[in-house]
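Residue numbering for the sequence shown follows our numbering, beginning at 19 and increasing consecutively.
Inspection log for the structure reproduced underneath, given as structure tokens.
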Amino acid sequence: MSVKRGIEGLQDVLGEVDFPADKDRIVTHALDAGADEELLSALRAMPPAQYNEANEVLRSVPLPRSETDSHTESARAQLRREHTKPGMAESMKESRPVNPIEEELGENRKS
């Protein structure tokens with residue numbers, strides 16, 4: 019039996035659960051299916067309720083949805099600064115912060 023991790027592991031576990039199911043039944047099933055500690059902790063953090071389908075559980079579990087969710091703010095800023103359009107000159111790429119006076123008036127008075 020392989021260890022179930024992340025959102026993919028949760029989807030595997032939920033595919034084997036008979037719905038409707040309550041939180042305790044889902045957590046017990048995940049434990050029996052070999053879910054890792056992070057996944058079990060996320061399932062235990064769900065609100066105690068009766069879940070009618072897997073999508074309800076997926077919406078209730080606090081797990082990152084994709085790789086981009088796990089990036090820090092500095093990593094996202096670095097990705098925005100990277101050149102993404104081939105054939106476009108660097109001078110044509112908007113890279114400087116917008117001056118609020120220039121944005122409002124259309125010019126910078128530099129006073």
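We put the beta carbon where it would ideally sit given N, CA and C, even for glycine.
A quick note: this is a predicted structure, and the numbers were derived from the prediction, not measured.
Taking C-beta separations shorter than 6 Å and ignoring five residues to either side along the sequence, the partners of A60 in its chain run V79, P80 and L81, following chain order.
In the three-state reduction of the DSSP assignment, A39 falls in the strand class. DSSP places A53 within a strand segment (E or B) once states are collapsed to three. By the CB criterion at 8 Å, L57 and L76 fall outside the cutoff. At the C-beta level, A53 and V31 come within 8 Å of one another.
In terms of Cβ geometry, V45 and R23 do not form a close pair [threshold 8 Å]. For R23, there is no enclosing alpha helix (DSSP H), as DSSP gives it neither H nor E. A check of alpha carbon separations from F37 across A95, Y69, S92 and R99 identifies Y69 as the nearest.
According to the DSSP assignment, V79 belongs to no alpha helix (DSSP H), since it is labelled neither H nor E. With a 10 Å radius around the Cβ and a threshold of 16 neighbouring Cβ atoms, A93 comes out exposed.
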